[in-house]
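*Asks:* Got a structure for you, questions after.
Protein chains in written order, with my numbering: chain A, 1297 to 1410; chain B, 64 to 175.
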């Protein structure tokens, strides 16, 4: 089962709201990722968790706050976002962060900031 | 020079045609290579990993040329359902973390 699930599918939020995106995988993968994708662009890496520890933060603004409660779950907490943060947010997982592991993506959360 | 480069297309091909995409990468230390397909407003889906010896999966063949630092994807007997954006992904780096770099994608449109 190569499934990564994400909720919600769509989210509309105002610039003063606080919301969270959720991601779950049950493949026993130890690496999980958050990506942001704008239209007609490739996914852009935001964060990498390896064995439940944050290992990479690609200089993401602090209004995005990741959290990994356990090896199966990954959250992205959103606060005081800007309209330019509107995008598709993709979660992915892989066996680990080594060379061999393919990444499997969830269906994404389409975020609109008004 | 971009780390991973692809021709953005679009490639417009008739059903049944053979089409090939190339992807070049700049980091000679890159270790793993993948092709993903992404349909409009959907997530990227793994199409195939690319091995040094080349690999085939049905109508799809992937090749790696380390000397020239490119990978290729060949699609034979194109179907309408092959219409999508094809993303090249390269992994490489030192230490435990292998940086993942996406190409900008090549758009394929298969025409009836």
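Just so you know, even glycine gets a beta-carbon here, dropped at the ideal spot from N, CA and C.
Taking 8 Å as the cut-off, decide whether the C-beta atoms of residue 168 of chain B and residue 143 of chain B are in contact.
*Replies:* No, they are not a contact pair.
*Asks:* Given a cut-off of 8 Å, decide if residue 109 of chain B and residue 187 of chain B are closer than it, judged by their beta-carbon atoms.
*Replies:* Outside the shown range of chain B, which is 64 to 175, sits residue 187 of chain B, and nothing can be said about it.
*Asks:* Distance check for residue 1374 of chain A and residue 72 of chain B, CA to CA, integer angstroms please.
*Replies:* The alpha-carbon atoms of residue 72 of chain B and residue 1374 of chain A are separated by roughly 35 Å.
*Asks:* For residue 1389 of chain A, does the three-state DSSP call read helix, strand or coil?
*Replies:* Three-state DSSP puts residue 1389 of chain A in a strand.
*Asks:* Using a Cβ-Cβ distance under 8 Å, would residue 154 of chain B count as near chain A?
*Replies:* Yes, its Cβ sits closer than 8 Å to a Cβ of chain A.
*Asks:* Can you confirm whether residue 1396 of chain A, when its beta carbon is compared against all beta carbons of chain B, has any partner nearer than 8 Å?
*Replies:* Chain B contact via Cβ: present.
*Asks:* For residue 107 of chain B, would you say it is in contact with chain A, using Cβ-to-Cβ distances shorter than 8 Å as the test?
*Replies:* Chain A, which has a Cβ nearer than 8 Å to the Cβ of residue 107 of chain B, makes this yes.
*Asks:* Report the option in A:1343, A:1360, A:1347 and A:1396 whose CA atom is closest to the CA atom of residue 1353 of chain A.
*Replies:* Residue A:1343 is the option with its Cα nearest to residue 1353 of chain A.
*Asks:* In this structure, how does DSSP classify residue 145 of chain B when only helix, strand and coil are distinguished?
*Replies:* Note: residue 145 of chain B maps to helix in three-state DSSP.
*Asks:* Assuming contact is defined by CB atoms lying nearer than 8 Å, are residue 94 of chain B and residue 161 of chain B in contact in what I supplied?
*Replies:* Cβ distance < 8 Å, so residue 94 of chain B and residue 161 of chain B count as in contact.
*Asks:* Which residues in the same chain have their Cβ closer than 8 Å to the Cβ of residue 64 of chain B, if we skip the five residues on either side of it in sequence?
*Replies:* Closer than 8 Å at Cβ, skipping near neighbours: 89.
*Asks:* Would DSSP call residue 1338 of chain A helix, strand or coil?
*Replies:* Residue 1338 of chain A falls in the coil class under three-state DSSP.
*Asks:* Would you report the Cα separation of residue 1299 of chain A and residue 1351 of chain A, rounded to the nearest angstrom?
*Replies:* Rounded to whole angstroms, residue 1299 of chain A to residue 1351 of chain A spans 23 Å at the Cα level.
*Asks:* Using DSSP bridges, identify the partner residues of residue 139 of chain B.
*Replies:* According to DSSP, which records beta bridges pairwise, residue 139 of chain B is partnered with nothing at all.
*Asks:* Classify residue 1325 of chain A as buried or exposed, calling it buried when 16 or more other Cβ atoms lie within 10 Å of its own Cβ.
*Replies:* Flag for residue 1325 of chain A reads buried.
*Asks:* Please confirm whether residue 1360 of chain A has its beta-carbon closer than 8 Å to some beta-carbon of chain B.
*Replies:* Not closer than 8 Å to any Cβ of chain B, the Cβ of residue 1360 of chain A fails to qualify, so no.
*Asks:* Answer with yes or no whether the minimum CB distance from residue 167 of chain B to chain A is below 8 Å.
*Replies:* Chain A contact via Cβ: present.
*Asks:* Under a three-way DSSP split, which group does residue 120 of chain B fall into?
*Replies:* Looking at residue 120 of chain B - three-state DSSP - the assignment turns out to be strand.
*Asks:* Please tell me whether residue 1388 of chain A and residue 1329 of chain A are closer than 8 Å, where the distance is taken between their beta carbons.
*Replies:* Yes.
*Asks:* For residue 126 of chain B, return the contacting residues in chain A, with the cut-off set at a CB-CB distance below 7 Å.
*Replies:* Neighbours of residue 126 of chain B on chain A: none; closest Cβ ~18 Å, over 7 Å.
*Asks:* Can a CB atom of chain B be found closer than 8 Å to the CB of residue 1408 of chain A?
*Replies:* False, the Cβ-Cβ gap to chain B never drops below 8 Å.
*Asks:* Does any residue of chain A have a CB that is nearer than 8 Å to the CB of residue 160 of chain B?
*Replies:* It does: the Cβ of residue 160 of chain B has a partner Cβ on chain A nearer than 8 Å.
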